[in-house]
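Right, one structure below, let's go through it.
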Amino acid sequence: MKPYFNGKAWIVKDPERLRPLAAFGKVPLLGIGIEVEECYMHCAKAFKRSHAWEQQHWLPAEERPRSAEIISAHVRQLGLSPEDIAASQRESFTKRLY
């Protein structure tokens with residue numbers, strides 16, 4: 006279940022428009038501007054039936070896959086293990102977060 010959007014999108018390069026998005030003093034080089042013309046959920050009944058907001062229906066934390074495991078499964082052809090991806094994530098989060 007996910008939202009769907011229709012509208013327009015464009016690349017924003019204007020530093021003045023990007024300045025309010027600065028984090029830790031770094032202004033982004035690019036941004037994405039969007040104009041949403043309509044937003045809708047596909048099959049509201051499926052969302053209601055899923056009970057996704059009810060914690061008793063969630064997997065226990067120890068059974069949930071780590072993000073590195075999910076990414077590894079999606080890029081299997083690159084031969085990256087979940088451990089490789091987790092190490093890259095840790096390095097990226099500490100050195101290149103902003």
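Position 30 of the sequence shown, counted from 1, bears residue number 35 in my numbering, the numbering being contiguous throughout. No residue lacks a Cβ here, since even glycine has one placed at the ideal position from N, Cα and C.
Let me make sure I understand the geometry here. Which of the options has the alpha-carbon closest to that of residue i?
i    : options               : result
L102 : P25, F10, F29 and G12 : F29
I37  : Q60, H79 and L26      : L26
D19  : A51, E42, S97 and P33 : P33
P70  : G84, A91, W15 and C44 : A91
A73  : S93, Q61 and Q60      : S93
Specify, as a first and last residue, the run of the beta strand (DSSP E) that residue i falls within.
i   : result
P8  : P8 to V17
E40 : G36 to M46
Please confirm whether residue i and residue j have their CB atoms less than 7 angstroms apart.
i   : j   : result
S77 : P87 : yes
C48 : F10 : no
G12 : E42 : yes
Going by the DSSP bridge assignment, what does residue i pair with across the sheet?
i    : result
Y103 : DSSP, once it has assigned bridges, lists no residue as partnering Y103.
A28  : K31
Where does the unbroken alpha helix (DSSP H) through residue i begin, and where does it stop?
i   : result
R22 : P20 to L23
So residue i and residue j are in contact, right, with Cβ under 8 angstroms, and what is the actual spacing, rounded?
i   : j   : result
I39 : A14 : 5 angstroms
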